[in-house]
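There are 4 protein chains.
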Amino acid sequence: MAANHTAPAKKVARRSRDPALSPRASRLETGRRSRKGRSADRREAILAAALDEFSMRGFDATRIDDVAKRADVAKGTIYLYFRDKESLFQELIRAMLTPLIGAIEALGEVDMPLQVLAERFVDLFVREVYETRRRDVIRLILSEGRRFPKVAEFYYREVLSRMLKAVRALLRRALERGELADDTLIRFPQLLVAPGIVAIVWNGLFDRFEPLDVRAMMGASCERLFAARRPT
Amino acid sequence: MAANHTAPAKKVARRSRDPALSPRASRLETGRRSRKGRSADRREAILAAALDEFSMRGFDATRIDDVAKRADVAKGTIYLYFRDKESLFQELIRAMLTPLIGAIEALGEVDMPLQVLAERFVDLFVREVYETRRRDVIRLILSEGRRFPKVAEFYYREVLSRMLKAVRALLRRALERGELADDTLIRFPQLLVAPGIVAIVWNGLFDRFEPLDVRAMMGASCERLFAARRPT
Amino acid sequence: MAANHTAPAKKVARRSRDPALSPRASRLETGRRSRKGRSADRREAILAAALDEFSMRGFDATRIDDVAKRADVAKGTIYLYFRDKESLFQELIRAMLTPLIGAIEALGEVDMPLQVLAERFVDLFVREVYETRRRDVIRLILSEGRRFPKVAEFYYREVLSRMLKAVRALLRRALERGELADDTLIRFPQLLVAPGIVAIVWNGLFDRFEPLDVRAMMGASCERLFAARRPT
Amino acid sequence: MAANHTAPAKKVARRSRDPALSPRASRLETGRRSRKGRSADRREAILAAALDEFSMRGFDATRIDDVAKRADVAKGTIYLYFRDKESLFQELIRAMLTPLIGAIEALGEVDMPLQVLAERFVDLFVREVYETRRRDVIRLILSEGRRFPKVAEFYYREVLSRMLKAVRALLRRALERGELADDTLIRFPQLLVAPGIVAIVWNGLFDRFEPLDVRAMMGASCERLFAARRPT
DNA sequence: CATGAATGAGAATTCATTCAT
DNA sequence: CATGAATGAATTCTCATTCAT
Chain A
1 MAANHTAPAK KVARRSRDPA LSPRASRLET GRRSRKGRSA DRREAILAAA LDEFSMRGFD
61 ATRIDDVAKR ADVAKGTIYL YFRDKESLFQ ELIRAMLTPL IGAIEALGEV DMPLQVLAER
121 FVDLFVREVY ETRRRDVIRL ILSEGRRFPK VAEFYYREVL SRMLKAVRAL LRRALERGEL
181 ADDTLIRFPQ LLVAPGIVAI VWNGLFDRFE PLDVRAMMGA SCERLFAARR PT
Chain B
1 MAANHTAPAK KVARRSRDPA LSPRASRLET GRRSRKGRSA DRREAILAAA LDEFSMRGFD
61 ATRIDDVAKR ADVAKGTIYL YFRDKESLFQ ELIRAMLTPL IGAIEALGEV DMPLQVLAER
121 FVDLFVREVY ETRRRDVIRL ILSEGRRFPK VAEFYYREVL SRMLKAVRAL LRRALERGEL
181 ADDTLIRFPQ LLVAPGIVAI VWNGLFDRFE PLDVRAMMGA SCERLFAARR PT
Chain C
1 MAANHTAPAK KVARRSRDPA LSPRASRLET GRRSRKGRSA DRREAILAAA LDEFSMRGFD
61 ATRIDDVAKR ADVAKGTIYL YFRDKESLFQ ELIRAMLTPL IGAIEALGEV DMPLQVLAER
121 FVDLFVREVY ETRRRDVIRL ILSEGRRFPK VAEFYYREVL SRMLKAVRAL LRRALERGEL
181 ADDTLIRFPQ LLVAPGIVAI VWNGLFDRFE PLDVRAMMGA SCERLFAARR PT
Chain D
1 MAANHTAPAK KVARRSRDPA LSPRASRLET GRRSRKGRSA DRREAILAAA LDEFSMRGFD
61 ATRIDDVAKR ADVAKGTIYL YFRDKESLFQ ELIRAMLTPL IGAIEALGEV DMPLQVLAER
121 FVDLFVREVY ETRRRDVIRL ILSEGRRFPK VAEFYYREVL SRMLKAVRAL LRRALERGEL
181 ADDTLIRFPQ LLVAPGIVAI VWNGLFDRFE PLDVRAMMGA SCERLFAARR PT
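Chains as they are written, first to last, in the numbering used here: chain A, 1 to 232; chain B, 1 to 232; chain C, 1 to 232; chain D, 1 to 232.
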């Protein structure tokens, strides 16, 4: 939707408080922009621009200059908000993922039939990740994570491990209730998101050759994974 | 600060005739390299070094100088074999994947019970990709493919599309024989490799926090995907 | 061994605001350089340094690094003002010749006895070209013009063709007035500057063996060329 | 006239006279191609190729590799015949100009009416220089001479100074015979060739915009310069 | 003698980062 | 706080020259 993630960043109008950057981030600070707000806006504009540029070109190929132009600030200004390029990158990832943490924590609490859960899960992934700037963030982690262990670690500690834990708890209960055929998914909860990850990758690399329907694929996958198995 | 977390490639012993680089290359010619042989060796040494470096740092962060050092040749020598850094990268991908093409083509011909096929498939992936330098190549495609459309296209045309076609043919026959519950996998053959892809990603990013048993996960996945479904 | 016969431009004092570079540039703005002024100064310093270096070594043998040192700026700074080495070269030529254009245009208007004209012409050439940095520019055009068709074209279009046209107009009037014996110079106005060109070349190559008095030679040449001929 | 041109050439191979290189050079050493001949041919091929390339691109921009390709020899071979690139350049100039020396020496002896002499002179220049590879050599001297003082010196000592001396002798006799109005040309014999030089330059730079008839221009010039002046 | 693969010094250019205004 | 000109370290790529075959 939003994301000017193709244009070469010329005189791009500042994307202030892009709802896509922190979607649904209930910006509760009611009306009046405080002096603080100005600064926060700037910071967000920079982060939004950085996301565009990093997504488009990767970490190394991204020029701070282009981020600045896209954010409509001077190059030097970026250094007022971020120590250096790497910090910008890391904080970008953090900023984009942090809002997820709460949502994930809440996941474990939920209790509903597996079929419903599956639907919810797919829907959540598609709407909150795949159709969002977060898809780009995931892609960045996949692409650059190895070179930025801090980023990978943050993602693992704050997002992945929590999510896996929550999912496992959920599934364990389902298993106990007899809704699950075996402990496959408890041992490998990664299988649940695998199609989502692959879809993100595919979308970035091969969609022009052969588009892929994420929702359908994830749905089909869940159907299989959650099916109570009756061995042939 | 964290970016250079890998050793800076000093006087690394040349990885000559890496079996993973040119697998099965029965290099039986007695002693002295023929002129052709010497040159080919050199080329392979460079490719092997390039794979190491590119995998370690990514395309941009890799210095031709380091590739040269690792390959134990002078910087200029690389330019005798490859037009430029990008060519080196692209030819590396090609060189690593091309040998696969034949194997893939052969895949469609096979005919065996689905259970056996699944085992074979997992085994093939693990032994020929995951435990091989090709895992790194896949990672490179995932990481850099977007910035090198040629690479993505090559991978799609020569590897992916062929593989998908072969798999679909196989599955269609299985479906007709009644070995397959439905056409899910025919519509989304990507689901078969998804766990493999995720394993490669996980291995690169999170293995230090929580190792992942590829073989087991893929096996479990196949079991589920290939199960003749009996709806609850 | 002989090529580097000129000093390698170490910490050469900056030739700022060279009057020959920007002649007549009444730089009267009181004290502090305005932002524009500072930038313009820098640009001129670079151009002046470039002229020195290019004249000394030729285009290829000139190192941007040396230009920078001579201009007393960092290497990178040059790229803030000029796209690349070639641009620097071309803009240098342009900058040096452009001020001439107006003067040339005015030439055609003049009206005076041929003898006086000849004196004026010689004087003009010597004072405005030969004893000026423009002599070096002419030399650069002679030396590098073939490899920079743009430069040759610029020189032809903006300087040469205008000059030839003006001279022809002048001479045509003189011919009509009977001051000129025939149309030789109208057909070959190049003959008028030929001694000047040769003097520039000679000065660059052979003056150390046998100095040449430009003024005298051009004077003698004009005398002959303008003489109303009485066939023997 | 044994050119004492600098040091007695250490590693320099002998200088032979290629008919293609120096046309019309009566190859008097009749018949027999000695073993020496093979080698001499090679040398000449290299020189011819070098002339092509140097003329086309200038000294710096010429790659030894291209000279080798054009001469149809291996790169290394060039270094069997010439110490280095600069030697190749210098010896090229020498080889092309040396055959002229004899002709020039002979010039002073001639004795004929000035009108005839003028015609001869123009014809000689056009046929022996302008329409010859020597035009390129002159251009190379004009372009690169400053960076190769040795070359300029050689040209001055062996060609220019001799020529000027011969011309002066000739003109002095003409003056004594009353064929010459004054000593202008004796003081500035350069005026005689100036149109030729300018024509060479013009041809290289501006012929595409406005062609120039050398012969006509030189003829016109001589007519004027040799005219017995009758002051108006 | 010839070859051409290999070398590595060198040059152009880029861009993260700083800092005077 | 903001700016953006200036810096110079770093990197790619070229090409003269060497030397083993």
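Ideal Cβ placement from N, Cα and C applies to all residues, glycine included.
Alpha-carbon to alpha-carbon, residue j and residue i
{"i": "D66 (chain C)", "j": "E53 (chain C)", "result": "7 Å"}
{"i": "R173 (chain D)", "j": "T184 (chain D)", "result": "14 Å"}
{"i": "E158 (chain C)", "j": "I101 (chain C)", "result": "7 Å"}
{"i": "M96 (chain A)", "j": "E210 (chain B)", "result": "24 Å"}
{"i": "L92 (chain A)", "j": "D84 (chain A)", "result": "12 Å"}
{"i": "L88 (chain C)", "j": "I64 (chain A)", "result": "26 Å"}
{"i": "G58 (chain A)", "j": "K150 (chain B)", "result": "17 Å"}
{"i": "R38 (chain B)", "j": "A45 (chain B)", "result": "10 Å"}
{"i": "P99 (chain C)", "j": "R127 (chain C)", "result": "15 Å"}
{"i": "G178 (chain B)", "j": "A50 (chain B)", "result": "47 Å"}
{"i": "P195 (chain B)", "j": "P195 (chain A)", "result": "8 Å"}
{"i": "A118 (chain D)", "j": "Y130 (chain D)", "result": "16 Å"}
{"i": "V193 (chain A)", "j": "F82 (chain C)", "result": "51 Å"}
{"i": "Y79 (chain D)", "j": "I200 (chain A)", "result": "58 Å"}
{"i": "I186 (chain D)", "j": "L107 (chain D)", "result": "15 Å"}
{"i": "L124 (chain A)", "j": "R134 (chain A)", "result": "12 Å"}
Closer than 7 Å to chain B by CB, residue i
{"i": "I197 (chain A)", "result": "yes"}
{"i": "L117 (chain A)", "result": "no"}
{"i": "F226 (chain A)", "result": "no"}
{"i": "R147 (chain A)", "result": "yes"}
Neighbour flag for residue i against chain D, beta carbons, 7 Å
{"i": "T184 (chain C)", "result": "yes"}
{"i": "A194 (chain C)", "result": "yes"}
{"i": "A166 (chain C)", "result": "no"}
{"i": "K152 (chain C)", "result": "The amino acid at residue 152 (chain C) is misidentified as Lys; the sequence shows Ala. So yes, A152 (chain C) belongs to the interface."}
{"i": "Q90 (chain C)", "result": "no"}
{"i": "R134 (chain C)", "result": "no"}
{"i": "F188 (chain C)", "result": "yes"}
Closest by C-alpha distance to residue i, when choosing among the options
{"i": "L140 (chain B)", "options": "A:D213, A:S39, A:E144", "result": "A:E144"}
{"i": "F148 (chain B)", "options": "B:T77, B:E109, B:L160, B:Q90", "result": "B:Q90"}
{"i": "W202 (chain D)", "options": "C:N203, C:V198, C:G204, C:L205", "result": "C:V198"}
{"i": "E153 (chain B)", "options": "A:A68, A:L192, A:F206", "result": "A:F206"}
{"i": "I104 (chain A)", "options": "A:A118, A:E223, A:M163, A:L212", "result": "A:M163"}
{"i": "F188 (chain D)", "options": "C:A181, C:I186, C:R215", "result": "C:R215"}
{"i": "A74 (chain B)", "options": "B:R43, B:S55, B:E86", "result": "B:R43"}
{"i": "M112 (chain C)", "options": "C:L170, C:R133, C:G76", "result": "C:L170"}
{"i": "S161 (chain A)", "options": "B:R208, B:F125, B:L47", "result": "B:R208"}
{"i": "D182 (chain A)", "options": "B:D182, B:E223, B:D41", "result": "B:E223"}
{"i": "A166 (chain A)", "options": "A:E109, A:G76, A:D41", "result": "A:E109"}
C-beta atoms of residue i and residue j nearer than 7 Å
{"i": "F226 (chain C)", "j": "L114 (chain C)", "result": "yes"}
{"i": "S221 (chain C)", "j": "L175 (chain D)", "result": "no"}
{"i": "G204 (chain D)", "j": "V122 (chain D)", "result": "no"}
{"i": "D60 (chain C)", "j": "D60 (chain D)", "result": "yes"}
Beta carbon proximity, residue i to chain A, threshold 7 Å
{"i": "L143 (chain B)", "result": "Here residue 143 (chain B) is Ser; the residue named in the question, Leu, does not match the sequence. Closer than 7 Å: yes."}
{"i": "Y79 (chain B)", "result": "no"}
{"i": "R172 (chain B)", "result": "no"}
{"i": "R94 (chain B)", "result": "no"}
Any chain C beta carbon closer than 7 Å to residue i
{"i": "L191 (chain D)", "result": "yes"}
beta-carbon residue i near the ligand FAD non-hydrogen atom, thresh 6 Å
{"i": "A61 (chain B)", "result": "Judged by which ligands are present, the structure shown has none, so any question about the ligand FAD falls away."}
> What are the residues of the region 56-76 of chain A that lie near chain B, defined by any Cβ-Cβ distance shorter than 9 Å?
Replying inline: M56, R57, G58, F59, D60, A61
> Which residues, taken in chain order from the region 198-220 of chain A, show a beta carbon closer than 9 Å to some beta carbon of chain B?
Replying inline: V198, A199, V201, W202, G204, L205, F206, R208, F209, E210, L212, D213, A216, M217, A220
>> Any C-beta of chain A within less than 7 Å: which residues of the region 104-131 of chain B qualify?
In response: none
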